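Under UniProt numbering, the letters of the sequence shown match residues 1 to 214, in that order.
The block underneath contains the structure these notes are about, expressed in structure tokens.
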Amino acid sequence: MVTTAKFAETRDVLQNISWQTFKAMLADMGSERNKRLAYDNGIVEIMTPLMPHENSNRLIEGFVLVLCEEFGLEVKSAGSLTMMRDDLEQGGEPDSSYYIQNEFLVRNKENIDLNTDPPPDIVLEVEYSRPKIDKLSLYASMGVPEFWRYNGNVLRIYTLNSGQYSQSDRSPTFAPVLVTEIPQFIQESKKVGQIAATRAFRTWVRQQISTARQ
1 MVTTAKFAET RDVLQNISWQ TFKAMLADMG SERNKRLAYD NGIVEIMTPL
51 MPHENSNRLI EGFVLVLCEE FGLEVKSAGS LTMMRDDLEQ GGEPDSSYYI
101 QNEFLVRNKE NIDLNTDPPP DIVLEVEYSR PKIDKLSLYA SMGVPEFWRY
151 NGNVLRIYTL NSGQYSQSDR SPTFAPVLVT EIPQFIQESK KVGQIAATRA
201 FRTWVRQQIS TARQ
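Below you can see the structure in the form of structure tokens.
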């Protein structure tokens with residue numbers, strides 16, 4: 001059963017907000033908060049995640065780390081990194097973000113600035129409810145190579161090509177594995193527990209990789 005948006009997250013919108021005001025809001029609210037903000041074209045979206053939202057986010061993060069381990073890839077988990085571009089006057093805070101291909105460029109950085117640093121290689125948004133800002137346009141303009149969206153039932157993968165996203169069955173980062181099957185392991189975790197579901201996921205990933213190599 002898919003959790004309804006009402007019990008997974010809340011979304012509020014402020015309109016006619018300047019870029020400087022948005023930046024001031026972020027500074028005033030600080031980093032110790034559970035709300036995630038996004039800004040585009042004078043609109044501020046404030047998303048407050050509730051338990052189902054955060055649970056899905058953390059589960060998917062665990063699966064991404066398993067994938068990196070099994071593929072022998074280093075990773076820097078940047079969480080809900082505040083992604084801002086002054087030249088674009090756009091900002092966003094995804095549920096999770098990962099540096100993989102560009103991990104070595106930010107490995108030792110405590111603060112990441114997208115005005116000078118590369119964007120994450122993958123960002124994830126958990127969206128039980130419809131976002132108020134077009135996240136496809138937002139992250140495409142920032143040059144994020146992969147955008148993952150999970151709506152409580154389906155995981156969609158978008159890859160960046162010529163400045164626009166196109167939906168893909170597979171993640172270029174983990175091409176041999178059909179990562180769109182991740183939702184079945186999220187559902188499985190509700191029956192057997194998080195650790196057992198993660199163990200089953202790892203076994204499945206190894207099988208997928210082994211089959212691809214044959």
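Think of the CB as a built atom: it goes at the ideal place given N, C-alpha and C, for glycine as much as any other residue.
No experiment lies behind these values; they were computed from the predicted model shown.
Buried versus exposed, by CB contacts within 10 Å (16 or more), residue i
i, result
"Phe185", "buried"
"Asp12", "exposed"
"Ser56", "buried"
"Val64", "buried"
"Phe7", "exposed"
"Val2", "Caution applies to Val2, whose pLDDT of 40 falls short of 50 and renders its modelled position unreliable; the value that the coordinates give is listed next. The residue in question, Val2, is exposed, as its Cβ has fewer than 16 Cβ neighbours within 10 Å."
"Val192", "exposed"
"Glu45", "buried"
"Gln214", "exposed"
Under 8 Å between C-beta atoms of residue i and residue j
i, j, result
"Ile122", "Thr82", "no"
"Leu178", "Asp40", "no"
"Leu136", "Tyr158", "yes"
Bridge partner(s) assigned by DSSP for residue i
i, result
"Asn161", "Gln164"
"Tyr139", "Its beta-bridge partners do not exist; DSSP assigns none."
"Tyr150", "Val126, Leu155"
For residue j and residue i, believed in contact at Cβ under 8 Å, the rounded distance
i, j, result
"Asn34", "Pro52", "Incorrect: roughly 14 Å between the Cβ atoms, too far for contact."
"Ser96", "Glu70", "With a Cβ gap of about 18 Å, Ser96 and Glu70 do not count as contacting."
"Val75", "Arg202", "Not a contact, Cβ separation roughly 15 Å."
"Leu124", "Ala140", "With 8 Å as the limit, Leu124 and Ala140 do not qualify as a contact, their Cβ atoms being about 15 Å apart."
"Ala200", "Glu188", "6 Å"
"Trp19", "Glu110", "Wrong, their Cβ atoms sit about 25 Å apart, outside the cutoff."
"Pro120", "Val144", "6 Å"
"Gly92", "Ala38", "4 Å"
Proximity test, residue i beta-carbon vs the ligand HEM heavy atom, cut-off 7 Å
i, result
"Gln187", "Looking for the ligand HEM in the displayed structure turns up nothing, as the structure carries no ligands at all."
**Every unbroken beta strand (DSSP E) within the stretch 9–58, with a cutoff of 3 residues, ordered by chain** = 9–14, 36–40, 43–49
**Asked** Fully enclosed by the stretch 56–124, which beta strand (DSSP E) runs are 3 residues long or longer?
**Response** 83–85, 90–92, 96–99
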